[in-house]
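Trainee: Quick one: this structure, given as C-alpha cells, is what I'll be asking you about.
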Amino acid sequence: MLNVFFTVDVEIWCGGWTNIDTKFPQAFQQYVYGRTQRGEYGLRYKLQQLRDHGLHGVFFVEPLFATRFGTEPLAEIIGLIQEYGQEVQLHMHPEWVDESTYPLLPTRLRKRPFMSDFSLEDQTTLIAEGIKLIADAGGGNVNAFRAGSFGFNLNTLVALATNNITFDSSYNASYFGLGSGLASGKILLEPFFSNGVTEFPMTVFDDGTRSLRHTQLGAISSREMEGLMWKSLKQKRKTFVILSHNFELMNRRRDQADDVVINRFKTLCYFLDKNRDVFRTAGFKDMNPELVTNQPEPLTSPFWKTGLRMIEQLSRRRYE
Ligand SMILES: [Zn+2]
0 MLNVFFTVDV
10 EIWCGGWTNI
20 DTKFPQAFQQ
30 YVYGRTQRGE
40 YGLRYKLQQL
50 RDHGLHGVFF
60 VEPLFATRFG
70 TEPLAEIIGL
80 IQEYGQEVQL
90 HMHPEWVDES
100 TYPLLPTRLR
110 KRPFMSDFSL
120 EDQTTLIAEG
130 IKLIADAGGG
140 NVNAFRAGSF
150 GFNLNTLVAL
160 ATNNITFDSS
170 YNASYFGLGS
180 GLASGKILLE
190 PFFSNGVTEF
200 PMTVFDDGTR
210 SLRHTQLGAI
220 SSREMEGLMW
230 KSLKQKRKTF
240 VILSHNFELM
250 NRRRDQADDV
260 VINRFKTLCY
270 FLDKNRDVFR
280 TAGFKDMNPE
290 LVTNQPEPLT
300 SPFWKTGLRM
310 IEQLSRRRYE
C-alpha cells in the first residue's frame, strides 16, 4: 500500500500589487470558483470530483491575504473545503506581509516571497498568525504546513514545532530543498524527522533531461503520473506527494478551462479510485508516519514519456 497525498495549495493572487483592493473581489471569484462560460472549474469542482470518487485531499490554505481583506473570504474557502469533508492545512505566502492592514512583524520589511527570507523569530510569529487566521475562520487546528513556492529552511521547521505543527511538506528537491539546510544537501524523498517536525517531501523524479521535476498536475502527463505511482509501489516506497492548486484547471488568465489539465485530474481521480486497494489517499490529521532510515534514489521516468508530455504541454497553448 502506498500513501498518496493529493495536495492542493489554495491561494489568491490579484495580478500584481497595485490597486489590489479594487481587484480583489473579482480575483477571489476567479481563483476560488473558476467560473467560465462552460461552468465552474475552481475549488468546488475539485472538491466535487474527489467526493465523486471517494478520495481524500489535503488543502493547504494560504491565510495571510485575510490580513488585508478580512476573515470572511477566508472563511468562505474553509467552509467550502469542510462542506466536502476534506482536510484544511496551512500554506503561507509571505508576499502578503507588507500588504496587511495591521503590522504583522515588529519591523516593516520590503516584500519577501519566501519564508526562508525571514528570521526564526519572524517565521514563528507569521506561522502563529496563520494558525490564528485559519482558526478564526472556522478551520480548527492545523497540524501540517507548506511554505509558499517551497521557500523554506531549517528555521521554518523550528518555527513550526514551536507552534505545535508536527508535519511539513515544503521540501522539494527540484526547488530549494537542497539549500534548505535540511539533511545537509542529501536529497530527501521519503518522510524524515527533523527539529520536532516530520517532513513529507514533494515527490520528484528524473525525466531524462538531467533535472528533477515534481509531480504536479499541471506539469506532468497522466502517463508519467501513473507510471511513477506504479514504480513507487513496486519499490515499496512509503509516500507519493502530488501538487495541485485551486486554479490549476484554468488557463493563465483564469477565464477559461484548460481541458488538458482537467482530463489529467479526472484520469487521476479515476485511477486512484480504481486502484484503491494499493493506493490510499492520505491526510495528515490521522497520520502516524512511517519514517525511513535510508533515503531512496529519485524515481525515473523514461524520456519518451517526457517527449510526449512536452507535446501535450504545447497543445495547452490553445487555452491561453
Ligand atoms: Zn502557494
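Position one of the sequence shown corresponds to residue 0 (numbering that gives the first Met the number 0), numbered consecutively onward. Cβ coordinates follow ideal geometry from the N, Cα and C atoms, glycine included.
Between which two residues does the beta strand (DSSP E) harbouring Leu242 extend?
Mentor: Against the sequence shown, residue 242 aligns to sequence position 243. Element bounds for Leu242: 238-244.
Trainee: Rounded to the nearest angstrom, what separates Met0 and Ser179 at their Cα positions?
Mentor: Translated into positions along the sequence shown, residue 0 becomes position 1. Translated into positions along the sequence shown, residue 179 becomes position 180. In a straight line, the C-alpha of Met0 is about 30 Å away from that of Ser179.
Trainee: Among residues of its own chain, excluding the 5 on either side of His92, which ones have a beta-carbon nearer than 7 Å to its beta-carbon?
Mentor: Translated into the one-based positions of the sequence shown, residue 92 becomes position 93. Correct list, in chain order: Glu10, Glu61, Leu63, Gly147.
Trainee: Are Pro190 and Pro288 close, meaning C-beta to C-beta below 8 Å?
Mentor: Along the sequence shown, one-based indexing puts residue 190 at 191. Along the sequence shown, one-based indexing puts residue 288 at 289. Result yes, Cβ atoms of Pro190 and Pro288 sit closer than 8 Å.
Trainee: May I have the straight-line CA-CA distance separating Arg316 from Thr292, to the nearest angstrom?
Mentor: Your numbering for residue 316 matches position 317 in the sequence shown. Your numbering for residue 292 matches position 293 in the sequence shown. Distance between the alpha carbons of Arg316 and Thr292: 43 Å.
Trainee: Across the region 255-265 and the region 218-238, are there enough close Cβ pairs to call them in contact, namely three or more that are closer than 8 Å?
Mentor: Yes: the two stretches touch, three or more of their Cβ pairs being nearer than 8 Å.
Trainee: Residue range of the alpha helix (DSSP H) that Phe270 falls in?
Mentor: To locate residue 270, count along the sequence shown from 1; it is residue 271. From DSSP, the alpha helix (DSSP H) with Phe270 extends over 258-273.
Trainee: Among all residues, which have a Cβ less than 5 Å from at least one non-hydrogen atom of ligand 1, and in what chain order do they fall?
Mentor: Going along the chain, the residues that qualify are Asp8, Glu10, Gly147.
Trainee: Does the distance from the CB of Ile133 to the CB of Val87 come in under 8 Å?
Mentor: By one-based count along the sequence shown, residue 133 stands at place 134. By one-based count along the sequence shown, residue 87 stands at place 88. Yes, the Cβ-Cβ distance between Ile133 and Val87 is below 8 Å.
Trainee: Would you call Asp254 buried or exposed, if buried means 16 or more other Cβ atoms sit within 10 Å of its Cβ?
Mentor: The count along the sequence shown starts at 1 and reaches residue 254 at position 255. Looking at its Cβ environment, which holds fewer than 16 other Cβ atoms inside 10 Å, Asp254 is exposed.
Trainee: Restricting to runs no shorter than 4 residues, where is the alpha helix (DSSP H) found entirely within the region 51-103?
Mentor: Qualifying alpha helix (DSSP H) stretches, in chain order: 65-68, 70-82.
Trainee: Given a cut-off of 8 Å, decide if Ile241 and Phe4 are closer than it, judged by their beta-carbon atoms.
Mentor: Residue 4 sits at position 5 when you count from the first residue of the sequence shown. Residue 241 sits at position 242 when you count from the first residue of the sequence shown. Yes, these two residues count as a Cβ contact at 8 Å.
Trainee: Can you grab the Cα-Cα spacing for the pair Ala160 / Gly195, in whole Å?
Mentor: Indexing the sequence shown from 1 puts residue 160 at position 161. Indexing the sequence shown from 1 puts residue 195 at position 196. Near 5 Å, if we compare the C-alpha coordinates of Gly195 and Ala160.
Trainee: Using the DSSP secondary-structure output, state which residues sit across from Val203 in a beta bridge.
Mentor: Numbered from its first residue, the sequence shown carries residue 203 at position 204. Paired residue(s): His213.
Trainee: Assign Tyr101 to one of two classes, buried (16 or more other C-beta atoms within 10 Å of its C-beta) or exposed (fewer than that).
Mentor: The residue labelled residue 101 in the question sits at position 102 within the sequence shown. By the 10 Å Cβ count, Tyr101 comes out exposed.
Trainee: May I ask you to report which of helix, strand or coil DSSP gives Met228?
Mentor: Here residue 228 corresponds to residue number 229 of the sequence shown, with the count starting at 1. Three-state result, Met228: helix.
Trainee: Regarding Asp116 and ligand 3, is the C-beta to nearest heavy atom distance less than 7 Å?
Mentor: With respect to ligand 3, the structure offers nothing, as its ligand set consists of ligand 1.
Trainee: If we require 4 or more residues per run, which alpha helix (DSSP H) segments fall completely within the region 135-197?
Mentor: The region 135-197 contains these whole alpha helix (DSSP H) runs: 153-161.
Trainee: Applying the 10 Å Cβ sphere with the 16-neighbour rule, what's the burial state of Leu216?
Mentor: Residue 216 sits at position 217 when you count from the first residue of the sequence shown. Buried, because 16 or more other Cβ atoms sit within 10 Å of the Cβ of Leu216.
Trainee: Which value, in whole angstroms, describes the spacing of the CA atoms of Phe166 and Leu298?
Mentor: Locating residue 166 in the sequence shown gives position 167, counting from the first residue. Locating residue 298 in the sequence shown gives position 299, counting from the first residue. Distance between the alpha carbons of Phe166 and Leu298 is about 23 Å.
Trainee: By how many angstroms is the C-alpha of Phe278 removed from the C-alpha of Asn2?
Mentor: As a working mapping, residue 2 is identified with position 3 in the sequence shown. As a working mapping, residue 278 is identified with position 279 in the sequence shown. Roughly 6 Å separates the two Cα atoms.
Trainee: Under the three-state reduction of DSSP, which class applies to Glu39: helix, strand or coil?
Mentor: By one-based count along the sequence shown, residue 39 stands at place 40. Residue state, collapsed to three classes: strand.
Trainee: Glu223 CB to nearest chain D CB: under 8 Å?
Mentor: No chain D is present in this structure, which holds just one protein chain.
Trainee: In the structure shown, what three-state DSSP assignment does Arg308 receive?
Mentor: On the sequence shown, residue 308 is found 309 positions in, with the first residue counted as 1. Reduced to three states, the DSSP call for Arg308 is helix.
Trainee: Taking all protein chains shown into account, decide if Met309 is buried (16 or more other Cβ within 10 angstroms of its Cβ) or exposed.
Mentor: The sequence position of residue 309 within the sequence shown is 310, counting from 1. It is exposed - the Cβ of Met309 has fewer than 16 other Cβ atoms within 10 Å.
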